[in-house]
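As structure tokens, the structure follows; a few thoughts come after it.
There are 2 protein chains.
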Amino acid sequence: MNRREMMKTSSAALLTGIASIDTSASAAETRSPENVERWSVFELVLDGPKDGNPFLDTWLKATFRIGAREMVIDGFYDGEGVFKVRFMPDALGEWTYITDSNMASLKGKKGKFKTITPGAGNHGPVRVRDVYHFGYSDGTPYFPFGTTCYAWVHQSEELQEETLATLKTSPFNKLRMCIFPKWYQYNHRDPSRFPFPRQNQTNDYSRFNPDYFQHIEKRILDLQALGVEADLILFHPYDHWGFQEMPAEVDDRYLRYVIARFAAYRNVWWSLANEYDLMRKKNTADWDRFAEIVTQTDPYGHLRSIHYSKAPYDYSRVWCTHAGVQDYAFDKAASWRETYRKPLIFDEMMYEGNINSRWGNLSGAEMTRRFWLCIVAGAYGGHGETYVSETDIENDKAVLWWSHGGKLKGTSPARIAFLKKILDEAETVGDGQIGLTELQMPYYPSAKRNRDEAFLFYLDFHQPLYYTFPLPETGKYRADVIDPWAMTLTPIAGEFSGKTRLTLSATPYMAVRFMRVKIK
Amino acid sequence: MNRREMMKTSSAALLTGIASIDTSASAAETRSPENVERWSVFELVLDGPKDGNPFLDTWLKATFRIGAREMVIDGFYDGEGVFKVRFMPDALGEWTYITDSNMASLKGKKGKFKTITPGAGNHGPVRVRDVYHFGYSDGTPYFPFGTTCYAWVHQSEELQEETLATLKTSPFNKLRMCIFPKWYQYNHRDPSRFPFPRQNQTNDYSRFNPDYFQHIEKRILDLQALGVEADLILFHPYDHWGFQEMPAEVDDRYLRYVIARFAAYRNVWWSLANEYDLMRKKNTADWDRFAEIVTQTDPYGHLRSIHYSKAPYDYSRVWCTHAGVQDYAFDKAASWRETYRKPLIFDEMMYEGNINSRWGNLSGAEMTRRFWLCIVAGAYGGHGETYVSETDIENDKAVLWWSHGGKLKGTSPARIAFLKKILDEAETVGDGQIGLTELQMPYYPSAKRNRDEAFLFYLDFHQPLYYTFPLPETGKYRADVIDPWAMTLTPIAGEFSGKTRLTLSATPYMAVRFMRVKIK
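As given, the protein sequences belong to chains D and H, one line each in that order.
Using our numbering, count along the first sequence one by one with no gaps and you end on 520.
Using our numbering, count along the second sequence one by one with no gaps and you end on 1040.
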């Protein structure tokens, strides 16, 4: 990338909340301090040596200080002699910084900037809250409703834009996506960019292709602008180019490089792998080392997990912030949560679609059902979609949301949006600060409560003529019968307290919501 | 019971294949030998002491011989001075017998009879076959399609007759039923008979009420006449009268008495308990002892199992002939079968109905689905039904098939009958002697084959546009698309071999059957 392109990127970044300071023109002092939103990016851009191999030969870091606090942030080489340090300030006030490096031209650069109140839509990074749940750093509740477009950043620019347009009107606020390109069924093309210089089917692991990572950064920021968390998959086994079997030191360098580049973006989550247990060349020690690198190198403590195929990971391990399971035993959610004492996301529970693979042809009704099962178990679900037409397959033109992005065709997203709305409404009844806690019901493992403010029951394939709901004696509640498929919400006349017998429709897949009547 | 009544019972019994010989009039020799169908009952009736307590004071047994074989069969006291020995001959030819007893009047009674070819409908007891399956003793395949009417023999005579009339036209060929009366929701009445003399809420455990057991025998034979196996539940925790906490020696005497009375009926299965782990007064040693008594006392080796609530039993234990699980993890069926190396019946997978309990309000569609899941996993399912109306509940008149019997109201039985017909048809394609074995498919754990003669795939909530079915290269197959709910079977034109791609309806809950084209 040349300087002109870099400036273009910086401008684009500024639009999405990055304050970029190019100190390359000055000597040891930066230009006047700038204002940076809390949880946005302060970016220091420095000119340095471009000879030799700066990826290996040059190191750069900066120490950022506010009050008594100090954070040491790794910089990275962005090609063409440009070095950067990206920093996400988490506290309001004036920060100062000073760089250090093994190269004189990058050493001792000083400056300061001010962190200001974030603008609308900037709630900061998502954190674990109330053991089993999530919330943004500013206290706003965050209920993950994820989807997957594993290889969307490696598709045509048009398709990427279409994916963003789709996400804009979808209920999804988290996207699982791979950093490396993907080789798998319906994914048998080279990407337009490679993470390492590559010639004659050989990767030059001694260097990175900054262009590759700049592009991903742009897409992370595009997601950020849409309020979508980027659940970045650091390794995966769907490979054709060697990235699943790189030398250990390259793995580690890649991780540090990715963290130095991406960690300052507030909407980043780290997923060590998709289906880690299918990566035959990696062993437990490798995964332990990766977990340690991510945990110790990311200065901001972004959310961290790992995803398996057959061999469930022990999510009670300290480095994991949450469990991201590939499983369909929704009735086990409660006991798994208790075991892990962490939030539980069913990150892959098959995909709505019609393809010739068991994992890719769920009905929309079943995908909808799975989201409800997750939510009432106090867990969270992950969506994905794999619809194809025979014509598209014949013409090698199949675009599957699951991997490529594009448009959503299924029947579940509208229902997932409906469920998300119900959760959001329930939350507003509470104090909006505490997230949800759950109540295990005697029969239905399906009640979710917000400090006795709201209860949500999902009846799944049960069709009782009536059911006695165990409400608290201490409050009065309004009741609504919910049809998750028809997306209707029908109030039941009256106010209810204690054991409440409601006559129901005696049809399956219904839900009932109780909301506490506010005391005026 | 007086003699006249007893004769009446004997006559009724004769109609259903019991040859009863009353030797009480003669001295040491019986009357002329009679013909008894193989696997029917030869019954020896003897007069003995009625003073004191013959249940405790008198023992009787008979040794039956054919060729070099010898079987020693326990007799039992049937009240009013009448002693009986019931015997189910399993070999054709002439049998002799001689009694032994601690009472002179019952000792040394001799006789003989001839076992003849069984009539239509008498296939002998069901046995385990091909590790995971069942067959009648004469080689006829037996696919258990069970239902439950736990307390049907303790209802009014009219209701019992209605239950039998319902079973006659139902698909069900196995019935789980309790020997002891039942006390539970919708079951809060004393039975008309008690197993022990009972006064002032106290059971006289030193005696049995023969009348009670005679009635159950009549019902076992009624089921036999309908081709229904009686899966007899020997203990259960839904008790109000003390039968779940009898002294150990009473438990054991009860078991021996029941076995002496019932074991000669070819359609008997032993289920040690329903929800054994809810019987708080029993411990593992008790269950081990019961298993040993049943295994060692039943001369015919009827099928034996046990049923749990929460604590899965280790069905790999030698005494169990098959696993009878209460679970809904149908995807675990294949691995459980492998662990146990025995047939696997999901004996309780909730009930179709509409009651206010999670286990009793499955939709008919879900019950149908569960049967399909069992079958294509190489396991078997169990039906039950719990429909009520609010009026019936208010008038205390609710009749629930699950416990009382009566009429079936649900939508699943017709679909279960449809599935059973498909299995029966598949079997007739094979040699009819080997039962079914299964093939685990790479994606669908859902293919069932009969030595490559027939394959059955169930797509559950999957809705592929097409699917490539891995048929053997060695045969040619006809294909039918099955709609398990609409109960339709639509042939697909052509003959198929090897990897077979079929375009499907892309709707969920469909099935596909392949039947080998016969070589003329």
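Beta carbons: idealized from backbone N, C-alpha and C, even for Gly.
Output the boundary residues of the beta strand (DSSP E) element that contains residue i.
i      : result
F603/H : 602–607
I618/H : 613–621
G146/D : 146–148
F113/D : 110–116
T468/D : 466–470
D47/D  : 41–47
H215/D : It is not in any beta strand (DSSP E) - H215/D instead sits in the alpha helix (DSSP H) that spans 210–225.
V592/H : 589–597
Looking at the secondary structure, which residues open and close the alpha helix (DSSP H) in which residue i lies?
i      : result
T339/D : 333–340
A365/D : 364–376
A811/H : 804–817
S271/D : Taken as a continuous stretch (DSSP letters only), S271/D belongs to no alpha helix (DSSP H), being part of the beta strand (DSSP E) at 268–273.
D498/H : No information on residue 498/H is available, as it lies outside the stretch 521 to 1040 that chain H covers here.
Y458/D : Premise fails: Y458/D lies in the beta strand (DSSP E), 454–458, not in any alpha helix (DSSP H).
D392/D : 390–394
Closest to residue i by C-alpha separation, out of the options, would be which residue?
i       : options                         : result
F418/D  : P210/D, T488/D, T503/D, A493/D  : T488/D
K114/D  : K107/D, A120/D, Y142/D, T96/D   : T96/D
S389/D  : H383/D, L400/D, G382/D, A379/D  : L400/D
V778/H  : G901/H, A843/H, C698/H          : C698/H
A750/H  : H760/H, F782/H, S676/H, Y758/H  : F782/H
R727/H  : Y900/H, Y871/H, E600/H, F1034/H : E600/H
A1006/H : P933/H, R1021/H, R861/H         : P933/H
L106/D  : L44/D, W372/D, Y308/D, R253/D   : L44/D
Nearest chain D C-beta to residue i closer than 7 Å, yes or no?
i       : result
Q983/H  : yes
M1035/H : no
S829/H  : no
N915/H  : no
Y987/H  : yes
E886/H  : yes
Closest Cβ-Cβ distance between residue i and chain H: below 7 Å?
i      : result
P508/D : yes
S505/D : no
Y340/D : no
N356/D : yes
S363/D : yes
T500/D : no
For residue i, count the other beta carbons within 10 Å of its own beta carbon; 16 or more makes it buried, fewer makes it exposed. Which is it?
i       : result
E886/H  : buried
A1013/H : exposed
G52/D   : exposed
P832/H  : exposed
Q214/D  : buried
A624/H  : exposed
V748/H  : buried
G108/D  : exposed
S192/D  : exposed
S446/D  : Residue confidence for S446/D is low, a pLDDT of 41 falling below 50, so the modelled location carries little weight and cannot support an answer.
K702/H  : buried
A91/D   : exposed
Under the criterion of a Cβ to heavy atom distance below 6 Å, does residue i qualify as lining the ligand SAH?
i     : result
V82/D : This structure lacks the ligand SAH, and indeed carries no ligand of any kind.
How big is the Cα-Cα spacing for residue i and residue j?
i       : j      : result
D806/H  : Q764/H : 12 Å
F76/D   : M349/D : 37 Å
W879/H  : F716/H : 32 Å
D424/D  : G146/D : 15 Å
V646/H  : W790/H : 12 Å
T804/H  : E795/H : 13 Å
D598/H  : P574/H : 9 Å
A506/D  : A379/D : 26 Å
E812/H  : V770/H : 16 Å
E299/D  : S170/D : What sits at residue 299/D in the sequence shown is Pro, not Glu. Looking at the two C-alpha atoms, the distance is approximately 31 Å.
E438/D  : A511/D : Reliability fails at E438/D, whose pLDDT of 41 lies under 50, so the model's placement of it is uncertain and no value is given.
V404/D  : I375/D : Here residue 404/D is His; the residue named in the question, Val, does not match the sequence. Distance between the alpha carbons of H404/D and I375/D: 27 Å.
E1015/H : R370/D : 38 Å
L456/D  : R513/D : 5 Å
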